[in-house]
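Quick notes on the structure that follows.
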Amino acid sequence: MNLEPVHVTFIIYLLIMIGIGLATFRMTHTLSDYVLGGRRLGSWVTAFSATASDFSGWLLIGLPGAAYASGMGQSSLWLALGLAIGAVINWTYVAKRLRLYTKYAGDSITLPQFLENRFRDKSHLLRVVSAAFILAFFLFYTASGLVAGAKLFQGTFDASYHTALIVGGLIIVSYTFLGGFLAVSVTDLIQGLLMSAALAFTAIYGLVEMGGFAELFNALGSITPSLIDAFAATDYNQPEGILWTAAGSIGAVGIISSLAWGLGYFGQPHILARFMAIRSHKEIRKARLISVALGLVVPLYGALIVGMLGIVTFEQPLADQEQVFIQLVQIVYHPWIAGILLAAVLAAIMSTVDSQLLVSSSALSEDFYRRYFRKNASDKELVWIGRFSVLLIALIALAIAWNESSSVLDLVSYAWAGFGATFGPPLLFSLFWRRTTRNGALVGLIVGGLTIFLWPLTGSELYEMVPGFILGSIAIILVSLIGGKPSQEMLDEFDEVAKVD
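Going by our numbering, the sequence shown runs without a break in its numbering and finishes at 573.
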């Protein structure tokens, strides 16, 4: 195989990422270092690490693909709006309170550990159930990232799917294994900047070439008016000969389901870990401004514009709508520039998969291994258990991803709903409702998680996040009010955190 500019760019980028993993290997001495970077992340690293670990490959593959298939309507515009609202609320109200509370509650370093310490759960049931749900949902979430990475390597290097899957998995696991959270967060800063720049640059360049938004919307409207109608549905299936055909209204269920993606932010362990790891709660405000302005608004709406630009750019409609960004940069830019921008796709995928592997490994090492097998395990031992947990989880996710027909977006949607409905209500109530009890949090967590598994059986088109989040919240309130009151120690701790906040 002859190395083209795009290949050289990929290789250089990957060597830099692995080099960071090696450099941070010597800085990782304790489990807190490995899982939270020793709580020493600055505002810039925290902001882009949270953004990069959040968006994953779907930002550059899934969301532009949705916009390519439906324009402004269907799920694309409403989904982006829901995510923007959810992220702003998360940064504004949850981030600071969580950073403070995890320090007060036994210096907790994982979400399951925080829930256990917050509610003085001596039975450890909250921690075990939480860790079990984390492992279950992250296996599918991680698998989706590996599938996306495999398809990117497959298209870029003309490799077989399974070869690309193995190579991509090895690269991601290698620096997560070596450096842990510190390596992941430093590379996430680089990758977050690269993702935002790639989408912004591509969107602006395309709009300039089109002559502005007015010309873009005129061109879209001439194809199908539903493409520029936020309330309209559009069908697209190139293999079946369906090309941007109006399909009526998306309806209230469609809008609610898309907006509900924003609820998922309150329960994503890999995003919440960034709030826990920031150097000081006083840096949250600066990190929020950076994240929202550069890491949220720019890439989200850049992705929508890129998708819509693809509709009017390609003479031959794409068989796979999720290839729109990858194909667009290759026909618009010089090969060297295209290589850099395609590296952004890999950056997005790596950012989330490495974070998911790390949170899953912390669940195994901290919440299972130390709790049930080696209570007095040394920090060095726990770090190595965490590292080998990364390998184990990656192998299982690799097995799930082995099916070449796996759907990236379906896996992401399911896992996002799972975390949002399972952990969102317990976390919010534990942070902001003084009356929340241990039993209330436990039942709410289980109800939310089980609803995600069972809701698809109803045949409803409503996104499972909605009933899961609502039922989980109701369960927390009812069980907390019916049972005994929280202990005075818990109430005093809550009041102390609220006072500082």
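Yeah, the Cβ is synthetic: ideal placement off N, Cα and C, and Gly gets one too.
In the DSSP assignment, D307 forms a beta bridge with T317. The three-state secondary structure of I133, taken from DSSP, is coil. L132 counts as buried, since no fewer than 16 other beta carbons sit within 10 angstroms of its beta carbon.
In this structure L429 touches V245 by the C-beta definition: roughly 7 Å separates them, less than 8 Å. The continuous stretches of alpha helix (DSSP H) do not include Q388, and DSSP gives it neither H nor E.
The Cβ atoms of A570 and M537 lie no closer than 9 Å to each other. By the neighbour-count definition (other C-beta atoms within 10 Å, threshold 16), F445 is an exposed residue. Selection L500, V239, A547 and R506 evaluated against V519 yields A547 as nearest (Cα-Cα). Counting only runs of at least 4 residues, the stretch 438-511 fully encloses the following alpha helix (DSSP H) elements, listed from N- to C-terminal order: 451-473 and 480-504.
The stretch 177-208 is shown to contain whole alpha helix (DSSP H) runs of 4 or more residues at 183-190, in chain order.
With respect to S148, A159 sits apart: the two C-beta atoms are not nearer than 9 Å.
One thing to note: P539 has its Cβ no nearer than 9 Å to the Cβ of R507.
Taking L418 as reference, the option from Y165, F397, L500 and V404 with the minimal CA-CA separation is F397. Here the C-alpha atom of I549 lies approximately 19 Å from the C-alpha atom of S202. DSSP, reduced to helix, strand and coil, places H406 outside both helices and strands of the structure shown, so it counts as coil. DSSP places K557 in no alpha helix (DSSP H); its state is neither H nor E.
G334 sits in a helix when the DSSP states are folded into three classes. In the same chain as Y337, and ignoring 5 residues on each side of it, the C-beta atoms closer than 6 Å to its own belong to G158, A159 and N162, in chain order.
Shown here, Y535 sits in coil according to DSSP, grouped into three states, outside any helix or strand. Taking C-beta separations shorter than 7 Å and ignoring five residues to either side along the sequence, the partners of L183 in its chain run S202, P341, L344 and F495, following chain order. Just so you know, the alpha carbons of G555 and G512 end up roughly 8 Å apart. By the Cβ test, the stretch 468-476 is in contact with the stretch 212-232, since at least three Cβ pairs between them sit closer than 8 Å. Taking the Cα positions, L464 is about 37 Å away from V551. Rounded to the nearest whole angstrom, the C-alpha separation of K168 and H406 is 44 Å. In the three-state DSSP reduction, A231 falls in the coil class, being neither helix nor strand. The three-state secondary structure of T424, taken from DSSP, is helix. Distance from the CA of A272 to the CA of G521, rounded to the nearest whole angstrom, comes to 36 Å. Annotation for T164: R360 place their beta carbon closer than 8 Å to its own, counting only its chain and skipping 5 residues before and after.
Just so you know, the alpha carbons of L390 and L499 end up roughly 42 Å apart. Under a 10 Å Cβ-count criterion, I403 is classified as exposed, with fewer than 16 other Cβ atoms of the shown protein chains found around its own Cβ. T274 carries a helical assignment under DSSP once its states are collapsed to helix, strand and coil. Between the stretch 432-441 and the stretch 217-236, the count of C-beta pairs closer than 8 Å stays below three; the two stretches do not touch. In this chain, the alpha helix (DSSP H) harbouring I157 covers S148 to I161. Beyond the five residues adjoining it in sequence on each side, I314 comes within less than 7 Å, by CB distance, of D307 and Y308 in the same chain, given in chain order. Taking 9 Å as the cut-off, the beta carbon of W333 is found no closer than this to the beta carbon of Y85.
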